[in-house]
Amino acid sequence: MPLEPRLVPPPTKGVSSAAKVLDDWYVACESTALGSKPLAVTFLGTPIAVFRRADGTPAAVLDRCPHRNVPLSMGKVRGPNIECGYHGWQFDGDGRCKAIPGLCGEVDKGTGRNVPAFATREHDGWVWVYATPDVTPERDPYRLPLRDDDRYTTVYQALDMAGSLHATAENALDVPHTAFLHSGLFREDGERQQIDVEMRRHHDMVEAEYFGEQRPEGLLGKVLAPGGGDFEVRHVDRFILPCIAQVEYQLGEGHIIATTALTPISDYETRLFGAAEFRFPYLSARFMPTKTIVNALKPLALKVLGQDAAALKKQTRNVQRFGGEQYVSTEIDVLGPEILRLLRQAERGARRPPRERPETKRLQMLV
Ligand code: FES
Ligand SMILES: [Fe+2]
58 MPLEPRLVPP PTKGVSSAAK VLDDWYVACE STALGSKPLA VTFLGTPIAV FRRADGTPAA
118 VLDRCPHRNV PLSMGKVRGP NIECGYHGWQ FDGDGRCKAI PGLCGEVDKG TGRNVPAFAT
178 REHDGWVWVY ATPDVTPERD PYRLPLRDDD RYTTVYQALD MAGSLHATAE NALDVPHTAF
238 LHSGLFREDG ERQQIDVEMR RHHDMVEAEY FGEQRPEGLL GKVLAPGGGD FEVRHVDRFI
298 LPCIAQVEYQ LGEGHIIATT ALTPISDYET RLFGAAEFRF PYLSARFMPT KTIVNALKPL
358 ALKVLGQDAA ALKKQTRNVQ RFGGEQYVST EIDVLGPEIL RLLRQAERGA RRPPRERPET
418 KRLQMLV
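58 is the number of the first residue of the sequence shown in the working numbering; add one for each residue after it.
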């Protein structure tokens, strides 16, 4: 009997980890990127024009003039308003139509001429936009944890990742890939060590703390501890709804919190806004100015980010090739499934109420 041709069925068609959490804040741009001209940004598939009013405060409106659909981002800022580049209609930061050049009658007439406006905030070097227009947000955007501590230096970097917010967040917080994708940078080949992990679930965040980790080997270790040296390592990774992936390392006296705010541009494109806050007193004491430390670490960080970006791009292409996602996780995929659970709850408007104690789970892994 002739064999039937068999194709691998695509069992995952349509399965997607893309999440649309709309009742929360995302970073629209770095503060330094918003000058006197409006800026076009897209998030969650929606084009938005962000502008800096003459008094310096940011505002954001839908990037479509209600008159003839031209992007407002191609216009200009006029005092407190954004002016459309086509016929000069002006809109204030609340989206109200304030000027229609040449019109003899009333300008501010009902809401039909208005444009949807998004709440904005600016702090810690980023401009945040609330994802739902024309509402007053109930919560505030995330604040960088060490912003008021002048012992710390903050360095910013933005980068586009070809992956969903979930995949990008998981990648930022995933330990098992470091020995492979970033081989030689974090850990050198050799014996694996067993370490303990404590995973803590809070109502709006999940974190994993790693105990018993060795000081970083590879290039990172050489930069952080040029003469070798023993120091205790404390390592915590966290995801905070809706978009914060954060890695914290305490290396003896040295301390670094690398926060990435992830803005989903579309289902499979995520803009990563990174801020690393750090202090390395033992390096500074060896007359190594902060600038030297930054110059030493930046190429390394960019190399790691580049490797992550390349892997995410391939992952996304494959998801598209197969028409959907399929995940098989084990318990050492500590945070990925938890991040998705939090995103799905938030997407459904079913965030858990705050609770005093997190649920905890302990496990072991080899690193
Ligand atoms: S299209 Fe904007 S003013 Fe006409
Ligand atoms: Fe990575």
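The beta carbon of each residue, even a glycine, is placed where N, CA and C say it ideally should be.
**Report entry** Neighbourhood of residue 322 by C-beta distance below 7 Å, restricted to the same chain and skipping five residues each side
**Finding:** The residue given as residue 322 occupies position 265 in the sequence shown. Answer for residue 322: 99, 100 and 328, listed in chain order.
Query raised in the report: Is residue 152 near ligand 1, going by C-beta to nearest heavy atom under 8 Å?
Result: Taking the first residue of the sequence shown as 1, we reach residue 152 at position 95. Not under cutoff, so the answer is no.
Query raised in the report: Is the distance from the Cβ of residue 158 to the Cβ of residue 146 below 9 Å?
Result: The residue labelled residue 158 in the question sits at position 101 within the sequence shown. The residue labelled residue 146 in the question sits at position 89 within the sequence shown. Yes. Within cutoff.
Query - Local conformation of residue 96 per DSSP, three classes - result: What you label residue 96 is simply residue 39 of the sequence shown in a count that begins at 1. Looking at residue 96 - three-state DSSP - the assignment turns out to be strand.
Query raised in the report: Can you tell which of 150, 113, 161 and 219 has the C-alpha that lies nearest to the C-alpha of residue 370?
Result: Stepping through the sequence shown from its first residue, residue 370 is reached at position 313. Here the closest residue by C-alpha is 219.
Query raised in the report: So, is residue 121 buried or exposed, given that buried needs 16 or more other C-beta atoms within 10 angstroms?
Result: Locating residue 121 in the sequence shown gives position 64, where the first residue counts as 1. Answer is buried; the Cβ neighbour count reaches 16.
Query raised in the report: Closest to residue 313 by CA distance: which of 383, 386 and 201 is it?
Result: Residue mapping note: residue 313 aligns to position 256 of the sequence shown, counting from 1. If we check each option's Cα against that of residue 313, 201 comes out closest.
Query raised in the report: So which of 77, 423 and 365 has the shortest CA-CA distance to residue 269?
Result: Translated into positions along the sequence shown, residue 269 becomes position 212. The shortest Cα separation from residue 269 among 77, 423 and 365 belongs to 423.
Query raised in the report: Using a threshold of 8 Å, is the CB atom of residue 317 nearer than that to any non-hydrogen atom of ligand 2?
Result: Locating residue 317 in the sequence shown gives position 260, counting from the first residue. For ligand 2, not one heavy atom lies less than 8 Å from the Cβ of residue 317.
Requested in this report: Can you give me the start and stop residues for the beta strand (DSSP E) that residue 371 sits inside?
Outcome: Counted from its first residue, the sequence shown places residue 371 at position 314. That residue, residue 371, is in no beta strand (DSSP E); its alpha helix (DSSP H) goes 347–379.
Report task. Flag this pair as yes or no: are the beta carbons of residue 128 and residue 152 separated by less than 9 Å? Result -> Mapped onto the sequence shown, residue 128 falls at position 71. Mapped onto the sequence shown, residue 152 falls at position 95. No.
Report task. Go through the region 191–251 residue by residue and report every complete run of the alpha helix (DSSP H) that reaches 4 residues or more, in order. Result -> 222–230 and 235–238
Report task. Consult DSSP for residue 266 and reduce its assignment to one of helix, strand or coil. Result -> The sequence position of residue 266 within the sequence shown is 209, counting from 1. Note: residue 266 maps to strand in three-state DSSP.
Report task. Could you pull the start and end residues of the alpha helix (DSSP H) that residue 394 belongs to? Result -> As a working mapping, residue 394 is identified with position 337 in the sequence shown. Residues 393–404.
Query raised in the report: Does the Cβ of residue 125 lie closer than 8 Å to at least one heavy atom of ligand 3?
Result: Absence of ligand 3 is noted for the structure shown, with ligand 1 and ligand 2 being the only ligands found.
Requested in this report: In angstroms with no decimal places, state the Cα-to-Cα distance between residue 140 and residue 156.
Outcome: Taking the sequence shown and counting its residues from 1, one reaches residue 140 at position 83. Taking the sequence shown and counting its residues from 1, one reaches residue 156 at position 99. So the alpha carbons of these two residues sit roughly 9 Å apart.
Query raised in the report: How would you call residue 352, buried or exposed, if buried means at least 16 neighbouring beta carbons within 10 angstroms?
Result: Taking the first residue of the sequence shown as 1, we reach residue 352 at position 295. It is exposed - the Cβ of residue 352 has fewer than 16 other Cβ atoms within 10 Å.
Query - Near ligand 1: residue 119 beta-carbon under 8 Å from a heavy atom - result: In the sequence shown, residue 119 corresponds to position 62, counting from 1. No, ligand 1 has no heavy atom inside 8 Å of this Cβ.
Requested in this report: Would you mind reading off the limits of the alpha helix (DSSP H) that contains residue 75?
Outcome: The residue given as residue 75 occupies position 18 in the sequence shown. That residue, residue 75, is in no alpha helix (DSSP H); it is neither H nor E in DSSP.
Query raised in the report: CB of residue 229 to nearest heavy atom of ligand 2: below 8 Å?
Result: Position 172 of the sequence shown holds residue 229. Checking the Cβ of residue 229 against ligand 2 gives yes.
Query raised in the report: In this structure, what does DSSP give as the bridge partners for residue 83?
Result: Here residue 83 corresponds to residue number 26 of the sequence shown, with the count starting at 1. Partner(s): 186.
Requested in this report: Please find out if some non-hydrogen atom of ligand 2 comes closer than 8 Å to the beta-carbon of residue 373.
Outcome: The residue you call residue 373 lines up with position 316 of the sequence shown. Answer for residue 373: no, Cβ out of range of ligand 2.
Query raised in the report: Out of 291, 199 and 346, which has the shortest C-alpha to C-alpha gap to residue 302?
Result: One-based indexing of the sequence shown puts residue 302 at position 245. Cα-wise, what sits closest to residue 302 is 199.
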